[in-house]
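Residue numbers (the numbering used here): -17 to 158. The structure appears below as structure tokens.
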Amino acid sequence: MAGQCIILMGVSGTGKTTVGQALAQALGAKFIDGDDLHPRQNIVKMAASQPLDDDDRRPWLERIADVIFSLEQKNESGVLVCSALKKRYRDRLREGSDNLRFLWLTGDYECILQRMQQRKGHFMPEALLRSQFAALETPDASERDIIAVDIAPDVATIVAQSITLLDPHPLQGVPA
């Protein structure tokens, strides 16, 4: 997996950070939480239950793109967490990267809402979950570097499934 970057994408509450940390450990890769790369004004806005717009996300996506570039320059592998809700965001992250793949953590609204209600210490209020679902541009078969992973199983199962899906099918794409 040397020099490869995996983005865990999806709406808030899908377990991107938890799965990402476990996946990075299993793969011997660096873990980077995209939430840590948000500018302060984005965190303040989300904490006030205000959804981010494209202008808000632009500097955040640039920071994530810089991390991807840095990992590739050092031939290091990384697992990054980034919602990557819109195709143009994913396209921006793909620019100049040959070793980038996405794991799309997906589940139904009620399951994710229940998870969000149980977690503590996160700045994303539950009220923004609907806006994230509305903003999500569902990947299709044209985005061949995205693998959909259901979040219903436990973390260990999700990680094992992810490793299996990543290994033999580097460009398998989202099922049609």
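Glycine residues also receive a C-beta, built at the ideal position from the N, C-alpha and C atoms. No experiment lies behind these values; they were computed from the predicted model shown.
{"query": "Ordered list of beta strand (DSSP E) runs contained in the segment 59 to 117, each at least 3 residues", "result": "60 to 63, 82 to 88"}
{"query": "contact_flag[the segment 77 to 93, the segment 128 to 135] where n(CB pairs < 8 Å) is 3 or more", "result": "yes"}
{"query": "Straight-line gap, D73 to Q100 (C-alpha atoms, nearest Å)", "result": "33 Å"}
{"query": "G(-5), DSSP secondary structure in three states", "result": "coil"}
{"query": "Residues that L12 bridges to, as DSSP identifies them", "result": "The residue you asked about is not Leu; residue 12 is Lys in the sequence shown. Answer is G60."}
{"query": "Inter-residue spacing [alpha-carbon to alpha-carbon] between M98 and G(-5)", "result": "5 Å"}
{"query": "C-alpha distance - R70 paired with R45, whole-angstrom precision", "result": "16 Å"}
{"query": "Residues bridged to D132 (per DSSP)", "result": "T88"}
{"query": "Spatial neighbours of P157 in its chain, beta-carbon cut-off 6 Å, leaving aside the 5 residues before and after", "result": "For P157, the predicted model reports a pLDDT of 45, less than 50, meaning its position is unreliable and no value from the coordinates is stated."}
{"query": "Bridge-paired residues (DSSP) for I(-12)", "result": "V61, R83"}
{"query": "CB contact flag (V61, G2, <7 Å)", "result": "yes"}
{"query": "Cβ-Cβ separation, E119 to L43 (assumed contact under 8 Å), whole Å", "result": "With a Cβ gap of about 14 Å, L43 and E119 do not count as contacting."}
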